[in-house]
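Below is one structure, written out as structure tokens; comments come after it.
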Amino acid sequence: MRWLNKIGMRVRSLMRRERVDSELDDELRFHLERQIAENMAAGMLREEARCAAMREFGGVDQIREECSDMRRVNWLQDFAQDVRYGLRMLRKLPGFTAVAIITLALGIGANTAIFSIVYAVLLRPLPYPHPDQLVSVTMADPQAGIPSNGTSYDNFREWRDQNHVFTELAAFQFHQLTLIGYGEPLSIDTAVITPGMFSVFGVKPLAGRTFVPADGNNGAPAVVVLSENLWRDRFGSDPKIIGTSITLDKKSYTVIGVAPASFRYPPLTSTEHIWIPLQQDPVFGPWMDRPGGHWLRVIARVKAGISLAQAQSEMDTIDARLAKKYPSENTGWVIRLVPLQQQMVGNVKVALIVLLGCVGLVLLIACANVSNLLLARATSRMKEMALRAALGAGRARIIRQLLTESGVLGLVGGALGVLLAYGSVHALASLLPSNLPQASTIRVDGAVLTFAFALSIVASLLFGLAPTLFAARSDLHTSLKEGGRSSEEGARHLMLGFLAVSEIALAMVLLVAAGLLVHSFLTLTSVNPGFNVQGLTKSEVDLPLFEYSEPEQWVAFSDELLRRLQALPGMHDTAEAVPLPLANGFINLAFDIVGTPPPRPETVRTGDFVSVSPNYFRVMGIPLLRGRWFTDQDRDSSPRVTVISEALAQMYFPNQDPIGKQLSFGLPPAGEVRREIVGIVGDVRDVGLNQAPGPMMYAPLAQSPFWGTEIVVRSTLGPASTLANIRDQAHAIDKDLPVADVERMSDAISASVQQPRFRTMLLSLFGAIALVLAAAGIFGVMSYSVSRRTHEIGIRIALGASSGNVTRLVLTESGRLVLIGLAVGIPSGLALARFLHTLLFGVSPADPVTFLAVAVVLGLVALAASYVPTRRALQVEPLVALRHE
Amino acid sequence: MTKPIDLVQGTLDMLILKTLALDPMHGWAIAQRIRQVSKEVLQVRQGALYPALHRLEQQGWIKAEWGESENNRRAKYYSLTRAGRKYLEQEHANWERLSSAIGVVMMNPVTGNK
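Protein chains in written order, with my numbering: chain A, 1 to 885; chain B, 886 to 999.
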């Protein structure tokens, strides 16, 4: 219990310091009085006795301090006192304080905000029990360069039945089904899953139940699980909905349960979605019986105590077995287990780490700047420090005091920064690419606050250390002398210069990163997609497959809709295509060239396939290079035709005329059909702006029908009236059809570059902050330098130096700083830019234009920052300056 | 800022504990007693006594109470705690061992290879 007692005593000492002090005084006084009495008894006079007693006792104050030290409370009192003093100093210099705190708040706030994103996306464990056990089971074909793909239902079933390493395996696909009977027909994101999905994640239903294995049996009744948000928004959170039927694609499904909003797997864009068993889906259900194909994605939970490596080796064994059983599908393919979190994060990891690194540089520059300010202030405090030292403060004590002051500054800046982050996280979240995984969980929470706190402390040490050591080093003698110009000041000037150079170098690195991303983004967005984006809007209509099961129905519908739309005023230029470029994905199909031997398996010929209405090329502005476009005469009954892209022609028909040749390709129901090439059109970037256009082949919708259609309109009508037109006409044909919102094609394209835009914007912001901070740093150094050299400048002017000479004097110095900064910054920028290469499009990491532009900008900014100091130098009055010390 | 505990300080601690082993005492009396018992060989600078007393109290070897002094004045009396008594016994044993070891070394005649 000794420690308890000790704590009690220490607390008592702290809480009732006055009483403890007075007790100590009493105790010491008692001693002295006894000694005086003793001395007097030995025959001394009173005064003599007192002096002797004091002499024998030693310095009372010193002893009192030592006693306090023994109680180990002094450092706490000192700390509290230093904090109070630090706060007082901050209040006394509002200008300095405001600049320093705003600088730090910007630095720490930006870091905290970015960290909250990084934490949510990369670090925070997925919101499921034992998230580290969740793995994505993918297939890869290393020789063909396919890093990750799905699998067939056969493979999935074998994996599930043969393995001993997973507690559960589940497979899934996505689809959209149309919900009717609850307001406007709604196209719902649908996760098409095997029943084990919910137990893989250990998800408990909010109401009702989730799937059981029997729900996956053939002939089982059609059931559906609703997401919490859909349940709330469309069904008013009505618990009675469970057990009733809803109509999806005109087929009846029984609602069996509601899953909580926190469960978002498979990852769908909309939070209003549903889960249905695989065999109940009109598209994918029939695929379960087809051999082969890589259409199912698989997720699994590894048994407790089984490592990823063990699970992997078991799957390797199963894979080898399956390669013998189904050689045509599995040869060359291997199974790869990837932790789910790692898989979800995928391509955003690099971008986020680059952002975090860059925002870290911003903080470093901010620290250098505050360091700068503190150094400048240290001059005015030199005498204070000397006085403290003279009064007996030890070196360590002074360092402690100064570091505490830095800490106070850092924490106040940090607190403000957290507020800033708290406010900006909401703004950031609205700018975030919608496909960022776990983006909904971004917030300033305990972990983020801890990070901000730790960062504030680290920053305080960083910016506080140099000024503190300088202050503590000052030796008494020179400092107490008025205006002692010593080697101190030279060293301090050197330190300021070092800080300014570091700031320039860091800003250079940051600006290079920002510049490269901006350059890359401009290149990306100015790339020609292959069609004319201006004035285009798009929409889509899905046909419920259960009711519209015949291809003839699909063709009739798309023809009828197109005819009706084109008849409306302003809607003449309406076309249809599935799929539209840069919007809803793409369909990559293998094809054969009729009359040539089939290629070796590893060099399979593929092209992106689009089914279009005859006027599609004209409406989109895709140029015809040779031959003809489709016409209304290309019907189901007429010979099959195709139009190919320039890339396909060049790749597969070099030095020959493809017109008249035949390709064999297609999707069911018009599968492997021979189609004669009748035309060649320009290339289109259909996958993404950053993907070079690949070979493409087009077929008329009438000869290659789809259930539902995508509509593109070139019109001066706004999106609202376009949407009204499409909705009216679709509903005039069938009132239960869902019509997706109309979107400008340009908006769809800019949505496809959300991620690059987001990181480019943020990095540009960081670059701008860095530039301002670096300018402030240069300004500080030059101002100090000019004031230090006032005397010298005065002499020069007195001796006849022209204003040009003086200007050159100042600018030479700032120019030297910039040159050294660039000399360090350019190689660092080159070294670090290599990490950016996966984020760049059409720009080399060593892009000379960017580097040159950044160097010029930095140079100009440094020049501007030296303007005021130069003017001050020019205004030096020789007479005043000569007296200046 | 902690002071190195040198031999002198360690010795002072032990002398204080030993002195308090008999009776509770106030600081001045402890100083007097040490001087008397050591036959004036050991002169404790009186001031140095108090930090030592506060440290020992902090460590829990001794405890302090205010009481009446011989001449009816309020004085702070220190007494040994149970832990302090145990510590003293332990230190005493250590001291015996050390001093006898030193004694052996010092008493043995120096043998050189003359």
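C-beta: ideal position from N, C-alpha, C; glycine also.
Mind pulling the chain B residues with CB within less than 7 Å of residue i?
{"i": "Glu-66 of chain A", "result": "Pro-936"}
{"i": "Ile-63 of chain A", "result": "Gly-932, Tyr-935 and Pro-936"}
{"i": "Arg-955 of chain A", "result": "With chain A covering 1 to 885 only, the question about residue 955 of chain A has no answer from this structure."}
Taking its Cβ as the centre, do 16 or more other Cβ atoms sit within 10 Å of residue i, making it buried, or is it exposed?
{"i": "Val-849 of chain A", "result": "exposed"}
{"i": "Ser-802 of chain A", "result": "exposed"}
{"i": "Thr-722 of chain A", "result": "buried"}
{"i": "Asn-998 of chain B", "result": "Residue confidence is low: Asn-998 of chain B scores 45 on pLDDT, short of 50, so the model does not pin down where it sits. No coordinate-derived value is stated."}
{"i": "Ala-865 of chain A", "result": "buried"}
{"i": "Trp-951 of chain B", "result": "exposed"}
{"i": "Ala-577 of chain A", "result": "buried"}
{"i": "Gln-341 of chain A", "result": "buried"}
{"i": "Lys-961 of chain B", "result": "buried"}
{"i": "Thr-574 of chain A", "result": "buried"}
{"i": "Asp-214 of chain A", "result": "Sequence check: residue 214 of chain A is Ala here, not Asp. So Ala-214 of chain A counts as exposed."}
{"i": "Pro-869 of chain A", "result": "buried"}
Which residues in chain B have a C-beta closer than 8 Å to the C-beta of residue i? List them in chain order.
{"i": "Gly-58 of chain A", "result": "Arg-930, Gln-931, Gly-932 and Ala-933"}
{"i": "Gln-401 of chain A", "result": "Here the premise fails: no neighbours, minimum Cβ distance about 13 Å."}
{"i": "Met-344 of chain A", "result": "Residues of chain B passing the Cβ test: none, with the nearest at roughly 53 Å."}
{"i": "Met-382 of chain A", "result": "Residues of chain B passing the Cβ test: none, with the nearest at roughly 25 Å."}
What are the residues that DSSP puts in a beta bridge with residue i?
{"i": "Gln-173 of chain A", "result": "A:Val-192"}
{"i": "Ala-699 of chain A", "result": "A:Ser-611"}
{"i": "Ser-251 of chain A", "result": "Ser is not the amino acid found at residue 251 of chain A; the sequence shown has Lys there. Looking at the DSSP assignment, Lys-251 of chain A forms a beta bridge with A:Leu-248."}
{"i": "Val-302 of chain A", "result": "A:Phe-166"}
{"i": "Ala-575 of chain A", "result": "A:Val-712"}
{"i": "Pro-339 of chain A", "result": "A:Val-135"}
{"i": "Glu-540 of chain A", "result": "A:Glu-710"}
{"i": "Ile-588 of chain A", "result": "At residue 588 of chain A the sequence reads Asn, which differs from the Ile that was named. Bridge partners of Asn-588 of chain A: A:Asp-608."}
{"i": "Thr-642 of chain A", "result": "A:Ile-677"}
{"i": "Ala-207 of chain A", "result": "A:Val-258"}
Would you mind telling me which residues of chain B sit closer than 9 Å to residue i, beta carbon to beta carbon, in chain order?
{"i": "His-493 of chain A", "result": "None at all; the shortest Cβ gap to chain B is about 34 Å."}
What is the DSSP secondary structure of residue i, counted as helix, strand or coil?
{"i": "Trp-275 of chain A", "result": "strand"}
{"i": "Ala-665 of chain A", "result": "Note on residue identity: the sequence assigns Phe, not Ala, to residue 665 of chain A. It is a strand residue."}
{"i": "Gly-483 of chain A", "result": "Low confidence applies to Gly-483 of chain A: its pLDDT is 47, below 50, so where it sits in the model is not reliable, and the reading given next is rough at best. Coil, per DSSP."}
{"i": "Tyr-265 of chain A", "result": "coil"}
{"i": "Gly-515 of chain A", "result": "helix"}
{"i": "Gly-679 of chain A", "result": "strand"}
{"i": "Val-99 of chain A", "result": "helix"}
{"i": "Trp-951 of chain B", "result": "strand"}
{"i": "Glu-33 of chain A", "result": "helix"}
{"i": "Ser-380 of chain A", "result": "helix"}
{"i": "Thr-151 of chain A", "result": "strand"}
{"i": "Ala-881 of chain A", "result": "helix"}
{"i": "Lys-961 of chain B", "result": "strand"}
{"i": "Ile-622 of chain A", "result": "coil"}
{"i": "Val-684 of chain A", "result": "coil"}
{"i": "Leu-582 of chain A", "result": "coil"}
{"i": "Thr-760 of chain A", "result": "helix"}
{"i": "Arg-297 of chain A", "result": "strand"}
List the whole-angstrom C-beta distance separating residue i from residue j, where the pair is believed to meet the contact cut-off of C-beta under 8 Å.
{"i": "Ile-726 of chain A", "j": "Val-742 of chain A", "result": "7 Å"}
{"i": "Asp-736 of chain A", "j": "Pro-185 of chain A", "result": "5 Å"}
{"i": "Leu-352 of chain A", "j": "Val-533 of chain A", "result": "No, Leu-352 of chain A and Val-533 of chain A are not in contact; Cβ-Cβ is about 30 Å, not under 8 Å."}
{"i": "Arg-675 of chain A", "j": "Val-641 of chain A", "result": "6 Å"}
{"i": "Ser-116 of chain A", "j": "Ala-421 of chain A", "result": "7 Å"}
{"i": "Leu-355 of chain A", "j": "Leu-763 of chain A", "result": "7 Å"}
{"i": "Asp-542 of chain A", "j": "Ser-270 of chain A", "result": "Not really, about 14 Å apart at Cβ, beyond 8 Å."}
{"i": "Ile-504 of chain A", "j": "Gly-821 of chain A", "result": "3 Å"}
{"i": "Val-818 of chain A", "j": "Gly-859 of chain A", "result": "6 Å"}
{"i": "Asp-747 of chain A", "j": "Pro-581 of chain A", "result": "The Cβ separation is near 14 Å, so there is no contact."}
For chain D, find out if any of its Cβ atoms is closer than 8 Å to the Cβ of residue i; answer yes or no.
{"i": "Lys-903 of chain B", "result": "Checking the listed chains, one finds no chain D in this structure; the protein chains it contains are A and B."}
Which residues in chain A sit within 7 Å of residue i, going by Cβ to Cβ distance?
{"i": "Arg-967 of chain B", "result": "Within 7 Å Cβ-Cβ: nothing; Arg-967 of chain B doesn't reach chain A, min ~10 Å."}
{"i": "Arg-958 of chain B", "result": "Phe-30"}
{"i": "Lys-961 of chain B", "result": "Glu-27"}
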